[in-house]
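Participant:
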Amino acid sequence: MANKASKPASKKVSLRRCVGCGEMKGKKEMMRVLRSAEGEICLDVTGKKNGRGAYLCKNGDCLKTARRNKGLERSLKCSIPDEVYDTLEKEFENLEAR
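Start counting the sequence shown at 497; every next residue gets the next number (this note's numbering).
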């Protein structure tokens with residue numbers, strides 16, 4: 497029986513859709529917004545916290561678009577107060593400044 501030529505295993509890139517612009521990108525290129533079991537909504541920088549997540553591109557424009565078209569609310573299956581959006585915008589600005 498002939499041996500198959502050994503090829504290095506290529507790692508599969510997990511793709512996620514941005515709830516702002518709708519673009520598909522790699523999971524590591526995006527930010528995860530999380531709704532925890534307690535109902536708290538926050539930015540999940542590690543991408544490993546438990547809860548329901550929605551993904552956004554790492555720019556503030558996609559967050560503004562998601563706010564306007566209620567993309568985050570649909571993905572997280574809850575209504576999001578304006579204060580939470582304001583907090584998320586500040587966190588995005590801090591990340592973009594780095």
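Glycine residues also receive a C-beta, built at the ideal position from the N, C-alpha and C atoms.
Tell me whether glycine 516 sits in a helix, a strand or coil according to DSSP, three-state version.
Facilitator: Three-state result, glycine 516: coil.
Participant: Beta strand (DSSP E) containing glycine 567: first to last residue?
Facilitator: Segment 567-572 is the alpha helix (DSSP H) holding glycine 567; no beta strand (DSSP E) there.
Participant: Would you please state the rounded distance, in angstroms, between the beta carbons of leucine 552 and methionine 526? I believe it to be under 8 Å.
Facilitator: Yes, leucine 552 and methionine 526 are in contact; Cβ-Cβ is about 6 Å, under 8 Å.
Participant: Which of helix, strand or coil does DSSP assign to lysine 507?
Facilitator: Of the three classes helix, strand and coil, the one that applies to lysine 507 here is coil, per DSSP.
Participant: Tell me the rounded alpha-carbon separation between valine 618 and glycine 522.
Facilitator: The first residue shown for the chain is 497 and the last is 594, placing residue 618 beyond what the model contains.
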